[in-house]
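Before any comments, here is the structure.
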Amino acid sequence: MVEEAMGSVSIRRGLKGHELLPFTVQFLRGRWFALFASFLIMAGAGATYLFGTYSKEIKATLGYDQTTLNLLGFFKDLGANVGVLSGLVAEVTPTWFVLLLGAVLNFGGYFMIWLAVTGKIAKPKVWQMCIYICVGANSQNFANTGALVTSVKNFPESRGAMLGLLKGFTGLSGAVMTQLYLAIYGNDSKSLILLIGWLPAAISVIFVYTIRTMRPVRHPNELRVLYHFLYASIVLAVFLMALTLAEKLLTFSKAEYAGATTVVCFLLFVPLFISIREELVVWNIKKQPINPPNEIAVEKPRAEAVESKQEASNLSSPKQADEKAEKSCFLTIFDRPDRGEDYTILQALTSIDMLTLFLATFCGLGSSLTAVDNLGQIGESLGYPNKTVTSFVSLVSIWNYFGRVFSGFVSETLLAKYKLPRPLMMTAVLLLACIGYLLVAFPAPGSLYIASIIIGFSFGAQLPLLFAIISELFGLKHYSTLFNCGQLASPLGSYIFNVKITGWLYDREALKDLAEKGLTRSSVKELTCIGTHCYRVPFIILAAVTFFGALTSLILVVRTRSFYKSDIYKKFRENAEKL
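Numbering of the sequence shown is given in our numbering, commencing with residue 73 and proceeding in unit increments.
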């Protein structure tokens, strides 16, 4: 009550002239400005979503066939999803180094692709282009690790909402970058490659010293403030969706693109004003007396009791502490701590909880990636025109964002109010995805619109849940490595379900159609299947696999039910610096 009253009074108080400079210094070094910087970095960390926009330039200028282009696409996905290197680097280096290394990789990889496409260097070999795009795509993992992991550590009690917000901005990054390139370069796909090379790198370099781990501070209304950030991002998402649809229906001039992009940039910077407001709350609360006299009397003995208890514990078992410190990480693999404590990397990776989560992610995200990657061809096989197929892709992108923020905030609310295990939300999301896949397998007129929304939403909802569950079960000490290991299931599942199952079954149906027409594979340039049968069997399989993933996640719900019933954030509140 005292904190809320102080917070409401402090918001109304302004700054005096002589306080402006020290407040500015505090703001630039504070966690609210670091959070805003993280939003901008994540908004530039989704360049891989734009591959479909500039891939035709690579194919045309370098003379590649579709198979070679698909190979480049595979290496792009490989680089984007294998983030173990960035996690290991973050274990032994400060955050500024992680961001700086990511900026170098981002610029280096995409700049080399731009040089190749524009003919400024000799035509690279295919394996060289694969390396370039893999390096460029892998750089987003360094941005993720630097910004996302640091933000979770700075706001540990609101990690679900925080992850939803940050991954939501990544989901919007493709649309944001598209508007920027249209305003700066016009409709020139080659220049888009240059933009995604220098802009994300520049953002990381600008905020390289801003984003760092700080001691968490108890804020009186932290979750409410995150909802304000959410509302700002929703306005941005809705505007981008409306803008995307308008650009498909109307022809924009350069000036109109510039005007629309100015609005996008303004909406991107709205969180800055929220951050300034909240830092002002911190500034004014710190100027108040630290504790009322009656609170001091209560708090001091409690603090002394905790301190004396810790000292007694330290004095009673120094030998045990020394023995534990001397043990190799290989000897402690099966000597695991309780859930929520800091696991070592090997303890976490070999635990049943992680293996269960990995299997659920393999089925869920692997199927989702397969569905998203094939959406264009699904529309083609069902006879939709190209403009409509593009709308399906836009729907997936925008609902991908809504899925990310929804799963983050709703799972946080259900956990806080009802103590519902977060894996239960993952079960619900995977069951929802099954409906989307069945709508593709058994299509009705217009059902692909609904399927696109469901697939995009469920795809986006899975990542924040995965990252939050890993942080809650295995602690934050090695979180930078563990969350990158957790998403390794995604490209593995995508390769098996997309390349080995869906692609093979699609080609088989297309060959059957050719045989019915009396043609052979050599008589056509491109193997295309038209009809509802083309994707029926693959998507029935995807629905079955995802349902199995939902059942697997239920096992994790049962295993972690008692853990989530406890106060899982208690230790973070005790260790936090109280305003």
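We treat Cβ as the ideally placed atom computed from N, Cα and C, and that holds for glycine.
Between the beta-carbon of Asn-570 and the beta-carbon of Gly-243, is there less than 8 Å? no
Check this for me: beta carbons of Gln-559 and Gly-155, under 8 Å apart or not? Yes, the pair counts as a contact, with Cβ atoms nearer than the cut-off.
By Cβ distance, which residues of its chain are closer than 6 Å to Phe-546, with the 5 residues on each side in sequence left out? Tyr-415, Ala-420 and Leu-554
Select from Val-207, Arg-103 and Ser-634 the residue whose C-alpha is nearest the C-alpha of Tyr-490. Ser-634
On the DSSP letters alone, give me the boundaries of the alpha helix (DSSP H) that Glu-588 sits inside. 576 to 588
Leaving aside the five residues before and after Lys-637 along the sequence, list all residues of the same chain whose C-beta is less than 8 Å from its C-beta, in chain order. Lys-491
Kindly indicate which three-state DSSP category Arg-633 falls into: helix, strand or coil? helix
May I ask which residues mark the beginning and end of the alpha helix (DSSP H) holding Gly-159? For Gly-159, the enclosing alpha helix (DSSP H) has its first and last residue at 156 to 164.
Could you tell me the alpha carbon to alpha carbon distance between Val-370 and Asp-639, rounded to whole angstroms? Residue placement at Val-370 is poorly supported in this model, since its pLDDT is 38, which falls under 50; the coordinates still yield a value, given next. The alpha-carbon atoms of Val-370 and Asp-639 are separated by roughly 22 Å.
Nearest candidate by alpha-carbon position, reference Arg-631, set Ile-568, Arg-580, Lys-128 and Pro-495: Pro-495
Give a yes or no on whether the C-beta atoms belonging to Ala-106 and Asn-226 are separated by under 8 Å. Closer than 8 Å, so yes.
For Glu-484 and Ser-230, which I take to be in contact (beta-carbon distance under 8 Å), what is that distance rounded to the nearest angstrom? 7 Å
Start-to-end residues for the alpha helix (DSSP H) that takes in His-300: 294 to 321
Can you check the region 518 to 560 for any alpha helix (DSSP H) of at least 4 residues that lies completely inside it and give the ranges in chain order? 519 to 546 and 551 to 558
Determine the extent of the alpha helix (DSSP H) in which Cys-435 is found, giving its start and end residues. 424 to 445
Thr-282 - DSSP class collapsed to helix/strand/coil: coil
Within this structure, are the beta carbons of Ala-500 and Ile-268 separated by less than 8 Å? The criterion of a C-beta distance shorter than 8 Å is not satisfied by Ala-500 and Ile-268.
Kindly indicate the opening and closing residues of the alpha helix (DSSP H) around Gln-98. 92 to 101
Since Thr-428 contacts Thr-282 with CB under 8 Å, what's their CB separation in whole angstroms? Between Thr-282 and Thr-428 the Cβ distance is about 37 Å, and since that is not below 8 Å, they are no contact.
Quick check: the region 169 to 187 against the region 564 to 580, are there 3 or more CB pairs under 8 Å? no
Using CA coordinates, which residue listed in Lys-262, Ser-261, Asp-260 and Met-249 is at the minimum distance from Leu-271? Met-249
Roughly how many angstroms lie between the CA atoms of Pro-390 and Ile-205, to the nearest whole one? Bear in mind that a pLDDT of 44 at Pro-390, under 50, signals an unreliable position, so the number given afterwards is only what the model happens to contain. In a straight line, the C-alpha of Pro-390 is about 51 Å away from that of Ile-205.
Please determine, among Pro-343, Ser-261 and Gly-145, the residue with the shortest C-alpha to C-alpha distance to Phe-301. Pro-343
Tell me whether Lys-192 is buried or exposed, calling it buried when 16 or more other Cβ atoms sit within 10 Å of its Cβ. exposed
Can you give the Cα-Cα distance for Trp-355 and Glu-319, rounded to whole angstroms? 44 Å
I'd like to check one pair, Tyr-329 with Ala-247: are the Cβ atoms closer than 8 Å? Cβ atoms of Ala-247 and Tyr-329: not closer than 8 Å.
Let's see if you can read the secondary structure: which residues bound the alpha helix (DSSP H) around Cys-506? 494 to 513
For Glu-452, collect the residues of the same chain with a Cβ closer than 7 Å to its Cβ; drop the 5 residues on either side in sequence, then sort them by chain order. Val-461
Does Asp-639 come out as helix, strand or coil in the three-state DSSP assignment? Looking at Asp-639 - three-state DSSP - the assignment turns out to be coil, as it is neither helix nor strand.
Our contact map puts Leu-467 next to Gly-528 with C-beta atoms below 8 Å; I'd like the distance itself, whole angstroms only. 6 Å
Going by other Cβ atoms of all chains shown within 10 Å of its Cβ, with 16 needed for buried, is Ile-424 buried or exposed? exposed
Using CA atoms only, rank isn't needed, just tell me which of His-550, Leu-220, His-605 and Tyr-126 is closest to Trp-186. Tyr-126
I'd like to know whether the C-beta atoms of Ser-440 and Phe-338 end up nearer to each other than 8 Å. no
Where does Thr-333 land, buried or exposed, given buried means 16+ other C-beta within 10 angstroms? Residue environment for Thr-333: buried (at least 16 other C-beta atoms within 10 angstroms of its C-beta).
Out of Ala-117, Ile-306, Gly-438 and Glu-544, which has the shortest C-alpha to C-alpha gap to Asp-410? Glu-544
Residues in its own chain within less than 7 Å of Val-609 by CB, not counting five upstream and five downstream? Leu-577
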